[in-house]
Amino acid sequence: MSFKRFLALFLTRNKEFIRDRSSLSWNILMPVLVVAGFAFAFSGDIGKQFKVAVVNESVTNEQAKEFLKLKHIEFYSVKSTKSEITRSIEKVQRHQVDMLLNAKTNQYWINTESPSGYLVEKILLSLPNNNFEKQTVTGKHIRYIDWVIPGILSMNMMFSALFGVGFVIVRYRKNGMLKRLKATPITAFEYLSAQIASRIILIMVVTAFVFYGTNLFVNFVMNGSHFNLFLVFGLGALSMISLGLVIAARITSEETAGGMLNLFSWPMMFFSGVWFSLEGAAPIMQSIAEIFPLTHVTAAARAVMIDGAGLIDISYHLIILILQSATFLLFGAWFFKWD
Amino acid sequence: MAADLLQVKNLVKHYPNVKAVNGIDLNLKTGVCFGLLGPNGAGKTTTVEILEGINQASSGEILYKGQPLGEQFRNEAGIMFQSTALQDYITVHETLEMFARFYPQNSDIDNLILRCNLTEYLDQDNRQLSGGQRQRLLLAIALVNDPDIIFLDEPTTGLDPQARRNFWDLINDIKAEGKTIVLTTHYMDEAYSLCDEIAIMDHGKIIAQGTPKTLLAENFNDVVLQLPVKKLNNIDLSALTTHVKHEFIEITTCDVNGVISMLIENDISLSHLQIRPRTLDDLFLELTGKELRT
């Protein structure tokens, strides 16, 4: 490994990316426009309906039964396990659910900072002969835009990683640039590591720009450490760039490369929990989503940004990303062909 | 006597259903400009790519300075492919600098820029170069590591006549420095003008090899007389070896006096008569039965 050769490739690739104004603008503008669109779309409470999570719905007592008959309140059932109840309480804290009701014990949880929770409580307590037991939680309102932003940042990173590395390598292979490099002392390892390093830095800079730029007008929630988020995105970028290398290792046609990259990116975009939670999805879908690097980046980034999770809390996702990166890198380097 | 720089022994390359290179032996001496000629599909590109270390031979041996092709060869070889894309958004100077950093030793970059006449285009994006400028940059890249051996694959294809001549001057300068050059070309005049030694390939084999003059002398002792077809007044030339080419009839003969006497006897005007010696084009046609380029 020659650092001089690595640096020459690295610097040239950076210049190439930065000077490609249309590509650079699109990398920055696309996520900003998506975030702006979502911020606008979800800025009002149009059609809002009260939402109540219910534990032990099947063994409801008489008082709770009356409450559950009420119209214009969305009731949904929650399993009576400790983890499910804890998760539902967290949703009450984030204002994602207005109330959690244990229909067997008549306990209910509301967020004292939630106007909707206040109104649902008033309705509940207006029932005759009620003896509901109040539990209170507090927490800032988590909007959909707060929830979706980690996913959008991760998704933008995915496209930049897959297409920015995969597509570029295939283009260079097709037009003979890689063949020319093969005729120099450059090794495949030096070439690929320069591509990876260049793209990681560019992705991180663009992601930081989008993160702070969108925060100026959306003011989204960031409860965790910026360092932890940086680590999550860094590992996520590495794993997805490595996946791009695997896809582009031997393809010689840009059309095939485009198809293959879409084949990987589209399922990840829809089934990695970027736009909607996978909690209610079929178990098989949840298992498949576990394979996608985007699932782990999104989940870890969301945990850091919304829950303020520490590295231990997200270690499962980080370990998966490290393992995926190592596997993809080894396979991509082994499978790589110059021409 | 110069030492062998590159030795090729019984080189063979198989592709599915095709034997592209079929047992080639070569010895290239230091400081020689060696031309490899052949019709399309003769196997010369495959041969050159194997010599460049880009392609793997099925069997055979290639020795550079007595050693198998390896790191030393990659450091000391300069290669100019016929069509190489250069990175977009990168300037000529940056491209040269990048390639220079790949090698442990370099030519003087400023001198290289002057020699290849790139001074005016140094800050120009690679995408904006004309065909000639681009070829000169590719040549400069091939020379950036001060190579001992330079491979030039059809370096003047697509250039206008003036740019071709300028390119020949550059190659002659390189030759004057004692560098070894391996040149593939479709242009016989180019091979004749630049090469000290040529090899003609067909069907994966070398069918003739030597200096251009030696090969012509070995294969021809005749000359070609050219006359416009319309000036011949339909005289009977069946006793002569003739060939019609672009409204001219070419009479190939060892007896120039006899042919001219016969033309005079038949009242044929000699005012448009041209006599030329045999060329590499003729040799190529003779040996391969295919015209390389018209």
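Chains L and C, in that order, are what the protein sequence lines are.
Using my numbering, count along the first sequence one by one with no gaps and you end on 634.
Using my numbering, count along the second sequence one by one with no gaps and you end on 321.
Each residue gets a CB set at the ideal place from its N, CA and C atoms; glycine is no exception.
What does residue i reach in chain L if we use C-beta pairs closer than 9 Å?
i, result
"C:GLY80", "LYS477 and ALA478"
"C:ALA112", "ARG466, TYR467, LYS469, ASN470, GLY471, MET472 and ARG475"
"C:ASP115", "GLU311, ARG314 and ASP315"
"C:GLU98", "PRO480"
"C:ILE106", "ARG475, ALA478 and THR479"
Reducing DSSP to helix, strand and coil, say where residue i ends up.
i, result
"C:VAL59", "coil"
"C:THR269", "strand"
"L:PHE525", "helix"
"C:PHE311", "helix"
"C:THR279", "strand"
"C:GLN109", "coil"
"C:GLN151", "coil"
"C:ASP31", "strand"
"L:ARG545", "coil"
"L:PHE631", "coil"
"L:PHE427", "coil"
"C:GLU224", "strand"
"L:PHE571", "coil"
"C:LEU64", "strand"
"C:LEU319", "For C:LEU319, the predicted structure reports a pLDDT of 49, less than 50, and the residue's modelled location is therefore unreliable. A value from the coordinates is still provided. If DSSP states are grouped into helix, strand and coil, C:LEU319 belongs with coil."
"C:ARG303", "strand"
"L:GLY605", "coil"
"C:PRO95", "strand"
"L:GLY434", "coil"
"C:ILE262", "coil"
"L:VAL443", "helix"
"C:GLY80", "coil"
"C:ASP294", "coil"
"C:ASP135", "coil"
"L:ILE586", "coil"
"C:LEU186", "coil"
"L:ASN356", "coil"
"C:ALA104", "strand"
"L:ASP315", "coil"
"L:ALA596", "helix"
Residues in its own chain within less than 6 Å of residue i by CB, not counting five upstream and five downstream?
i, result
"L:ILE341", "The pLDDT assigned to L:ILE341 is 48, lower than 50, so where the model puts this residue is not dependable; a value taken from the coordinates is nonetheless given after this. None."
"C:LEU38", "VAL48, ILE51, ALA84 and GLY87"
"L:PHE566", "ALA584"
"L:ARG468", "THR547"
"C:ALA69", "MET228 and ASP229"
By Cβ distance below 8 Å, which residues in the same chain neighbour residue i in space, the five residues on each side in sequence not counted?
i, result
"L:ILE542", "LEU457, GLY461, ALA552, MET555, LEU556 and PHE559"
"L:ALA628", "ALA483, PHE484, LEU487 and LEU540"
"L:GLN344", "HIS367, ILE368 and GLU369"
"C:THR124", "Checking the sequence shown, residue 124 of chain C turns out to be Glu, not Thr. Here the set comprises ILE136."
"L:PHE305", "ALA489, ALA492 and SER493"
"L:ASN309", "SER493, ILE496 and LEU497"
List the residues of chain L whose Cβ lies closer than 7 Å to the Cβ of residue i, in chain order.
i, result
"C:ARG101", "THR479 and PRO480"
I'd like to confirm the pairing. Which residues does DSSP put opposite residue i in its beta bridges?
i, result
"C:SER86", "C:VAL39"
"C:THR207", "C:ILE176"
"L:LYS417", "DSSP output for L:LYS417 lists no bridge partner at all."
"C:THR118", "C:ASP152"
"L:PHE345", "L:ILE368"
"L:PRO326", "Partner(s): none; L:PRO326 has no beta bridge."
"C:VAL251", "C:THR279 and C:ARG303"
"L:VAL350", "L:VAL373 and L:ASN397"
"C:ASP229", "C:LYS232"
"C:ILE201", "Per DSSP, none; premise fails for C:ILE201."
Check the Cβ of residue i against every Cβ in chain C and list those closer than 9 Å, keeping chain order.
i, result
"L:ALA303", "GLU124, MET125, PHE126, ALA127, ARG128 and PHE129"
"L:THR307", "GLN114, ILE117, GLU121, THR122, GLU124 and MET125"
In chain C, which residues lie less than 7 Å from residue i when you measure between Cβ atoms?
i, result
"L:LYS299", "ARG128"
Leaving aside the five residues before and after residue i along the sequence, list all residues of the same chain whose C-beta is less than 7 Å from its C-beta, in chain order.
i, result
"L:MET296", "PHE484 and GLU485"
"L:ALA359", "LEU396, ALA398 and ASN401"
"L:MET564", "MET450"
"L:ASN510", "none"
"L:ILE614", "none"
"L:ILE384", "LEU395, TRP404 and VAL432"
Report yes or no: is there a C-beta of chain D within less than 8 Å of the C-beta of residue i?
i, result
"L:GLY461", "The structure shown has no chain D; the protein chains it does contain are L and C."
Report the residue ranges of all alpha helix (DSSP H) runs contained in full by the stretch 366-403 of chain L; include only those spanning at least 4 residues, in chain order. 377-388
Contiguous alpha helix (DSSP H) assignments of at least 4 residues, all confined to the stretch 460-502 of chain L: 463-470 and 472-477
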